[in-house]
Structure formats: structure tokens, C-alpha cells
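Asks: Numbering (UniProt numbering), first residue to last: 1 to 875. Here's a structure for you.
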């Protein structure tokens, strides 16, 4: 502790009068042992001379000296044993990283089986694809859609084949207009040359998940009469095909594949039928099929390798085009060995000109279903129309948008589509994460696991993110709390024996293929905001019936795992001073970052103290811990029917929420704001300098330059409050810690509406314009991320709090109401405007223009706009 910091702390402590006896007893776990310093004794030379003289004159000791080699060897052995034990202890400590928590699993092996959960067995769980389907099993039969963009087929890259959701495809728009998360979905995909409407519907029955049908409606664009080529494939880890059936309507027509028969352990026997296009078109489609043995993540590249021009595809082809203007690329003919292959694909090509819409049906039928009719034609139309009607009725009953002021039908459709894209983004993964302790040289595999989760973005983040998922389920729980129970159960089963959950779950080779190598390993010391406590808190306040055995039983199974998770935070993320917390994972030796990132906080490059130390205090983490303490305490109250008496979690939440203690540790009187605390200076900048490598020095090559952080005023580098007003400063408001009569609440409400700080016509920006790091790059390669952009999850939390303070008696009630109404209007109008303009919901919004930026579509936590429109908060 420096002299300046001691003076600062003494000054604040002298003005801080409080009784902490009870608090220190409750927070005994955060006590720190002191270290004793010893100094070497003087006179050691004379003592050595005395001992030498004593030993040489004592005969007994001289005789003992003959045993010195044995004693020496014995001591060496003891030392070796000691180091072996230490290594064993350390290895055990690291081994705990990939050892599951020793509590009963929330998701047992049969819980996702079709006989126990038929509604969610089959689903569009390959949400990283424009359209993909699978069932919830470790070894699933998965299907996927592909198509050509013939405008780009002559280019050297592979962007002409649409498969994975990808920004580089530059599709004008795509997304679900309907999806209920269980039984059906309707997706619109607009490409340059055609429009696809993909309809998927499920019909329950039998013992193996029932039947389903996918209908692909293709509408060519006017004045763009290009060929159309569609692919649909199926894949399983093991060979699954029993029979492939072909047919033809006339002697002059080529054989076309119509049916594939298959069987797997979980699905038993089934049939897949392909209904070749119907519609007002005159051309006979070109049909090709292919079987292979390959891993799922290699499908895209395999298809590219197997494509050949149609006129050279087969020597026996009698249907070559006479006046061909475009080359049609089709799958190369080969001998089909379906009995030993695990991959099947069908290609359907309509040569140009294609000017009339057509449909293509893929029908899956389980042999265990006693059906009266095939799920196609009129039966398909009737069922999907019925499910759409039920969706609309349920949507209005929950969100009641028709009763809201200025809520025209286009905005209601926007909200419906946004919810549908969140539900349609739910995925099911199987695999092992790569995890490590920071001291490990090589990572370990986490245990093999399944994960049922929503994803933030199908195109850029098609995997599970811990802190995103808590926000996702604020909306999902309003629509279907059983889906939320299912998601929570899968995530909480990821707790290891220390109580840690990886912050990103990258499961399976297909998911891993979308992640840069440096981000794959998850470190077991790193946390992430525990937003599942937000979800559980919302359930407790709005959506649970404790007279319902299902609700009570679910929470009873959750509580021990939530408690273990909470204790991990309280043990590993604790601060140096009582009631303070610090995010681990910041790089104190970084020279390339203007301000070392705090990825673990979820806010990435949001400014913290410029020089990370163990003495930092992070305001947002303290508020998250208050929320978590409060939620666990309330859970015990609800389940045990007891009040606050002897509830240590409620007591600790009160200590963390104590406004006087909070102000002492996080309020900057000088700056008039809540803030982090640490070793900090704003006098930093990135400067380009020469850093020659050893090889360059030896070969006298031209030196490389890098942007390195420079501190321009060392005297300003002191322990202080971090003067960067932004989202972190609002956490005492967002988590409703502030008392309704607090003067600090009044100050925050005033600052919220100041345009030079956070207020914009589009929502609250993440960092004040007065901050020295506003909209600045953190490295020469990293553009600003949480340094000015508008994020919907944080705006939702602010609106949630403003709604609370506007309904709670106090001197600032009306002020909170006014700010609430203005902020809600700004957010809604801007997000809808951008959606109408671009066809997408975005990751973040520009604070100067309101335009969408970052990745798209981003219907993860940005989908919270639906709750904002409906004004559904947690009270």
C-alpha cells in the first residue's frame, strides 16, 4: 500500500462511522491472514565458530558424524517426497477443473428422450445454419439446407454455396417470422436471385418423436432468371441408411430419388420422403444424390469438392442443354454405398429460366407412428395455419401489445419476429470444452456433455455464452417457462467440483470451427456475470406458482447448484477489503492495451483502473453479488416458508446493499459518481515504437513497429476512483440498491438525461462522452466495443429499475417516471427504424446515428426489446 493510498484511506475512514461487527461475522470467509516478516539475526559468524569448536571436542558427536551421509540421504529422500506430494496436490487441484460437481444431475440421460419430452425432441437446433434440424441426443440425425447463388458461382471463393449463416454471404435479410420453440417455425430468407420461405412443422405420435415436414417455397426474383439449385442432406455419426428408393414417371425420364429408409438406436426405423417440385414450371428438374462417410463439420467443403459442370457430369447424360447460357454445377455421379456411409445429400436443380414459384417438401416419418395421413399437402397447410393462429393468440395474451399506445401492426410484427428469432436460435450441442487452470501448460477436456441453450447470434456467436443466457431467459421464461427450466438445468449441470462454469461453451467440431483458436480455451479462474440469478429473480417475482408442484420441485433442484456457484464467486472473486469484489483475468503486464480488458466482466474494453492490482474494487461485481445473495435468500424463504430470520444470504445481501457502506467504497464525492477503485491514471496513450525480434536483430532486417501504451504523467498514477462514467456507474441503480430517497439516486437520474454524458435519442450509450477513453481503440487492432455504443441488455436493466422507482413512493418517483418514458420511447423507435431499414436486429447501436453495428442478426439479449415494448419487468 503506497503512502498516497494510506492517506486517502485514512481520510475516508475517519469520516465513516459504522458498526461492522455483525457484517464481519457474516463475511468471515473473506478475512485475510496477515503475513509476518522476520529479519536475519546478526552475529551468525561467531555462533558458527562456537558450534564448530563444540562439535570437534565432543567425542559422542564425532561418532555420530559418521552417520551424516545416511542422514543426508534421508533428508534428500524427504525433500523428494515433499515435492512429489506438492506436485500431486497441484495436479489434483487442476484435475478438479474437469471433474463434475458431486450433486445429482438436473438433466438425466432419459430426460430429453422422445418418450419423456416429445415436444422438444426434434427442433431447429442447428441454428448456425440458415436452416438446420436435429434431435436432442448425443448422436443425432441432423439435416441441413444449402443452395447456390449463381451470381457468384464464377468467383474463386466458395461464397456461392449458402449453408452456414455468414456475414460474408451478404444476404439482404433472413430470419424467423414465426417460431414457438417447440412445434413449428416459418423462416424468410431473401437472397439476391430468389426468396426462400422455409416452413417446418411437427406432429407428435409414436414412441420416437413423431413426424415432421420441411417445406421449401422458392420464389425467383423478377428480371433475374437464373438457375435454381437446392440441396438437402442428412448426417449421423454412424451409418444409418437401409434402403434408397428411386422412381420415374415415364420411360423418357431419368430415375429420381424419392425415399430413403433408415434406422438408428434412438429413432428406430424411419422413412424420409422427397417431394420433387410442384408448381407452374415447364422444366424437368435435374436430380443428383450422393452418399459419403464424413464428419459433420466437413460437409460444406466436401460438397464443394464434389461439384462438376453439368455437361461433363456424366458421359451417359442425354439431357444436355442445347443452348446453355450458364453452367449448371451438380454433384458428381458415383456408386452409392449407402450401407456403409453416414451422410446423404440430394441436389435439385431447375435450369433457367426459372420464373414461377415452386415447392420442395422433405417429409420425415417414424415407423412407430400410427398415422392416418401423410404430413403434406392440405394436412400440412391446415396444421401450420392452426399453429400460427395459436401463436398469435398466445403472443397477444402474454405481451398485450395491442393495448399499448402508438403500437401499430408493423411494430407488433417486429416484436413477434424478434421473439421468434430468439426461440429459433435455440440450439443443442454435444462435445467437450477445452479448459485449463492458468498454471497448466496444456488444457484438459471438460467432460462430454450436452447443452440446450439459446445463442446470441446465429451468424457470429452460434454457441452458448454464460452471461448472455441469463438475459435470453428473461424473455423465454415469459413465453414458456418450461423451456427456461430446461435451459437452466443444462447450464447448471456444467458446474465442476469447484463450483465453476465455463463462460463460453464451444461444444463439438462444428461449433469449434467458428471460433478463433486463441478464444477456445476456458480458464477456471475466470468468472462471468452470474445473470442466471436475474432469470431466477424474475421467475420468483412474476412467473411462478409455488402451489404448483412442478415449479417448486424445479427450484428445489436448482438451489444447491446455485448455492455452489454463488460460493465459488464469493471465494474466488473476493476483494482485499471486506464487502469488495474484483474480476479476475485482467492482464497486469499488458503493454499493447490502452486499458487492460476485463473480458470476465462481460464488458470487455469498458475502462477500469489503468494498472490492474489485487487492490481493485469492481462496482458491478459487488452489485451482482448482492443480487445473487438476495435471490438465494428468497429462494430459501419461498421453499422453506420462513422469513428473514437466520437467513445468512438475506443478511449478507443487506450488507452489500447498505447505501452508506456502498458510498464509502464506491462513491467519488469529487466526481459525483459511483465508480471502480484502483491504481489508475488517465494520462495514457498508444505510441508507435520499434520492437525488433531476435531474428530481425541477427539479420539486420527492418524493424517492426507496434503500438505500445505509454504513461505520460507518472505522478498521477495513484490509487483513486476510476473516473469513467458509464454503465458500470449505473449498477447501484440497475440492481435497485439505492434507497428511493437517496440523493445519489437523484444525481444519477439527472446525469442519465445529460446528452454530454450517456443520453442519446436512441438509448443510453455505454460510456460518457466526457471520458478520456470514449470511443477510443484499445489496441491498434481493437476498435471500441463498450466505449460508447448502445447495448440493449444494459438499457433494459436501467428501464427495469426506472420502472421500479417510478412506482415506489419517494421524492424522485415522478422524475424516474419521466426518464423511463423518454428512454423507452427512444429505444423502441430507433430499433424499429433500423429493423425496417435493414431487416435485422443488431448487436449494438451507434450512439451518434442510431444505426445498427456489430454482428447481425443479434436476437440474443437485443430481443429484450419485446419486454420493453410490453413493459414487462420483474417488479
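We put the beta carbon where it would ideally sit given N, CA and C, even for glycine. In this text, all values refer to a predicted model and were calculated from it rather than measured experimentally.
Tell me the DSSP secondary structure of residue 510 in three-state form.
Replies: Three-state result, residue 510: helix.
Asks: Any idea which residues DSSP pairs residue 574 with across the strands?
Replies: Looking at the DSSP assignment, residue 574 forms a beta bridge with 581.
Asks: Locate the alpha helix (DSSP H) running through residue 814, then write down its first and last residues.
Replies: Residue 814 -> alpha helix (DSSP H) spans 813 to 838.
Asks: Look at the Cβ atom of residue 231, then the Cβ atom of residue 145, and state whether they are nearer than 9 Å.
Replies: Cβ atoms of residue 231 and residue 145: closer than 9 Å.
Asks: Give the DSSP-derived three-state secondary structure of residue 647 in the structure shown.
Replies: Looking at residue 647 - three-state DSSP - the assignment turns out to be coil, as it is neither helix nor strand.
Asks: Would you give the residue range spanned by the beta strand (DSSP E) that residue 301 belongs to?
Replies: Here residue 301 belongs to no beta strand (DSSP E); instead the alpha helix (DSSP H) covers 299 to 306.
Asks: Using 8 Å as the Cβ pair cut-off and three pairs as the minimum, do the stretch 866 to 873 and the stretch 455 to 469 touch?
Replies: With the cut-off at 8 Å, the stretch 866 to 873 and the stretch 455 to 469 do not touch.
Asks: Using the beta-carbon count (16 or more within 10 Å), is residue 863 buried or exposed?
Replies: Buried.
Asks: Quick check on the DSSP output: the beta strand (DSSP E) that includes residue 452 runs from which residue to which?
Replies: Here the beta strand (DSSP E) through residue 452 covers 449 to 453.
Asks: Counting along the chain, where does the alpha helix (DSSP H) carrying residue 632 start and finish?
Replies: That run of the alpha helix (DSSP H) goes 619 to 640.
Asks: Candidates 587, 725, 719 and 565: which alpha carbon is nearest residue 620's?
Replies: The candidate whose alpha carbon is nearest that of residue 620 is 725.
Asks: Which partner residues does residue 245 have in the DSSP bridge list?
Replies: Note: residue 245 sits in a beta bridge opposite 259.
Asks: Could you check whether residue 165 and residue 458 sit closer than 9 Å to each other, using their CB atoms as the reference points?
Replies: Yes, these two residues count as a Cβ contact at 9 Å.
Asks: Are three or more beta carbon pairs between the stretch 492 to 507 and the stretch 553 to 570 nearer than 8 Å?
Replies: They touch, by the three-pair rule.
Asks: Roughly how many whole angstroms lie between the Cα atoms of residue 428 and residue 125?
Replies: Cα-Cα distance, rounded: 5 Å.
Asks: Under the rule that 16 or more other beta-carbon atoms within 10 Å means buried, what is residue 811, buried or exposed?
Replies: With fewer than 16 Cβ atoms within 10 Å of its Cβ, residue 811 is classed as exposed.
Asks: My output table needs one value for residue 867: the three-state DSSP class, helix, strand or coil.
Replies: Helix.
Asks: What three-state label does DSSP hand residue 354 in the structure shown?
Replies: DSSP places residue 354 in coil when its eight states are reduced to three.
Asks: Relative to the C-alpha of residue 421, which candidate in 182, 163, 845 and 818 has its C-alpha closest?
Replies: Checking every option, the nearest Cα to that of residue 421 belongs to 182.
Asks: Could you tell me whether the Cβ atoms of residue 665 and residue 617 are closer together than 9 Å?
Replies: Against a cut-off of 9 Å, the Cβ pair of residue 617 and residue 665 comes out as a contact.
Asks: If residue 508 sits next to residue 430, beta carbons under 8 Å apart, how far is it from one beta carbon to the other, in whole angstroms?
Replies: That belief holds up - the Cβ atoms of residue 508 and residue 430 are roughly 6 Å apart, short of 8 Å.
Asks: Tell me the residue span of the alpha helix (DSSP H) that contains residue 218.
Replies: Element bounds for residue 218: not the alpha helix (DSSP H) but the beta strand (DSSP E), 211 to 220.
Asks: Tell me residue 146's beta-bridge partners as DSSP assigns them.
Replies: Beta-bridge pairing links residue 146 to 231.
Asks: What separation, rounded to the nearest whole angstrom, lies between the Cα atoms of residue 97 and residue 826?
Replies: So the two alpha carbons sit approximately 45 Å from each other.
Asks: Let me make sure I understand the geometry here. Which of 598, 537 and 611 has the alpha-carbon closest to that of residue 632?
Replies: Out of 598, 537 and 611, 537 has the C-alpha closest to the C-alpha of residue 632.
Asks: Taking residue 573 as the reference, which of 529, 376, 686 and 657 has the closest Cα?
Replies: That would be 529, whose Cα lies nearest to the Cα of residue 573.
Asks: Tell whether a beta-carbon distance below 9 Å holds between residue 349 and residue 394.
Replies: Result no, Cβ atoms of residue 349 and residue 394 do not sit closer than 9 Å.
Asks: Would you check if the distance between the CB atom of residue 241 and the CB atom of residue 262 is smaller than 9 Å?
Replies: Against a cut-off of 9 Å, the Cβ pair of residue 262 and residue 241 comes out as a contact.
Asks: Take residue 270 as the anchor and find which of 402, 284 and 244 has the nearest alpha-carbon.
Replies: Closest option to residue 270, Cα to Cα, is 244.
Asks: If I follow the unbroken beta strand (DSSP E) through residue 690, where does it start and stop?
Replies: From DSSP, the beta strand (DSSP E) with residue 690 extends over 684 to 690.
Asks: Report back the beta-carbon spacing between residue 594 and residue 512 to the nearest angstrom; my notes put them in contact at under 8 Å.
Replies: Wrong, their Cβ atoms sit about 31 Å apart, outside the cutoff.
Asks: Taking the beta strand (DSSP E) that residue 329 falls in, what are its first and last residues?
Replies: Per DSSP, residue 329 belongs to the beta strand (DSSP E) from 329 to 331.
Asks: Do you know how far the Cα of residue 860 is from the Cα of residue 845?
Replies: Answer to the nearest angstrom: the Cα atoms are 14 Å apart.
Asks: If you reduce the DSSP assignment to three classes, tell me which class residue 415 lands in.
Replies: If DSSP states are grouped into helix, strand and coil, residue 415 belongs with the helices.
Asks: Buried or exposed: where does residue 867 fall if 16 or more other Cβ atoms within 10 Å of its Cβ makes it buried?
Replies: Buried is the call here.
Asks: Looking at the secondary structure, which residues open and close the alpha helix (DSSP H) in which residue 394 lies?
Replies: Taken as a continuous stretch (DSSP letters only), the alpha helix (DSSP H) holding residue 394 covers 377 to 399.
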